[in-house]
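215 is the number that the working numbering gives the last residue of the sequence shown; the numbers go up by one with no jumps.
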Amino acid sequence: MYRKALGVVLALIAGKSLAVDVDKPAPGWVTIGATVNGTVYEAKISTWKITSNAKGKKVASVSGQVKDKQSSNIEFYTWQVTLDDCKAEAGTLYTLTLAGKYVREASFMFDGGSVASTVAEEICAITKTGS
């Protein structure tokens with residue numbers, strides 16, 4: 085453990101970047117979307133839940149990460165979809181910081197082909213199965 089940590093520190097000091105493994109998610113994570121340029125969207129399975137948003141509407145949410153293969157950058161977010169939008173199979177996917185602050189939103193439709201559509205559909209699928 086010590087040698088591995090030391091290697092990471094030395095690589096950072098030397099200015100070397102550490103590669104992001106976008107080919108497979110870590111244990112406890114699942115891939116929920118990807119782009120043609122290699123950006124991968126992964127959800128942490130244990131974070132799936134149904135809660136209420138700031139407007140009091142019931143939402144399905146999951147926290148996860150966006151891994152950019154080209155830049156080796158990883159960003160963490162929480163994604164939310166209202167249960168009404170899940171039932172309608174179309175609506176808005178909200179992206180929040182892990183602290184719950186609004187970042188952006190995107191329209192989606194099930195089988196729409198966009199990343200927002202894929203992420204929203206995966207979030208909504210969990211609410212249907214109850215898992």
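Even glycine gets a Cβ: it sits at the ideal position worked out from N, Cα and C.
Cutoff 8 Å: residue i Cβ touching any chain C Cβ
{"i": "tyrosine 125", "result": "Looking at the structure shown, chain C is missing, and only one protein chain is on hand."}
Spatial neighbours of residue i in its chain, beta-carbon cut-off 8 Å, leaving aside the 5 residues before and after
{"i": "threonine 119", "result": "Val199"}
{"i": "serine 136", "result": "Lys142 and Val143"}
Burial state of residue i, where buried means 16 or more other Cβ atoms lie within 10 Å
{"i": "tyrosine 186", "result": "exposed"}
{"i": "glutamine 164", "result": "buried"}
{"i": "proline 111", "result": "exposed"}
{"i": "serine 130", "result": "exposed"}
{"i": "serine 145", "result": "buried"}
{"i": "glycine 175", "result": "buried"}
{"i": "threonine 202", "result": "buried"}
Cross-strand partners of residue i (DSSP beta bridge)
{"i": "leucine 177", "result": "Ala190"}
{"i": "glutamine 149", "result": "Glu126 and Phe160"}
{"i": "valine 114", "result": "Ala127"}
{"i": "isoleucine 134", "result": "Ala144"}
Proximity to residue i [Cα-Cα], best of the options
{"i": "valine 150", "options": "Lys171, Thr166 and Trp113", "result": "Trp113"}
{"i": "threonine 179", "options": "Glu159, Cys170 and Met193", "result": "Glu159"}
{"i": "tyrosine 125", "options": "Ser147, Lys139 and Gly140", "result": "Ser147"}
{"i": "aspartate 168", "options": "Leu182, Ala183 and Lys141", "result": "Lys141"}
{"i": "aspartate 152", "options": "Val203, Asn121, Lys128 and Leu182", "result": "Asn121"}
Other residues of its chain near residue i: CB distance less than 6 Å, five sequence neighbours each side excluded
{"i": "alanine 190", "result": "Leu177 and Ala200"}
{"i": "glutamate 173", "result": "Phe194"}
{"i": "glutamate 206", "result": "Ile116"}
{"i": "tryptophan 132", "result": "Val146 and Ile210"}
{"i": "arginine 188", "result": "Thr179"}
Residue j beta carbon less than 8 Å from that of residue i
{"i": "valine 143", "j": "threonine 162", "result": "no"}
{"i": "isoleucine 134", "j": "threonine 211", "result": "yes"}
{"i": "alanine 204", "j": "phenylalanine 192", "result": "yes"}
Neighbourhood of residue i by C-beta, 7 Å cutoff - its chain only, sequence neighbours within 5 removed
{"i": "proline 109", "result": "Thr115 and Glu126"}
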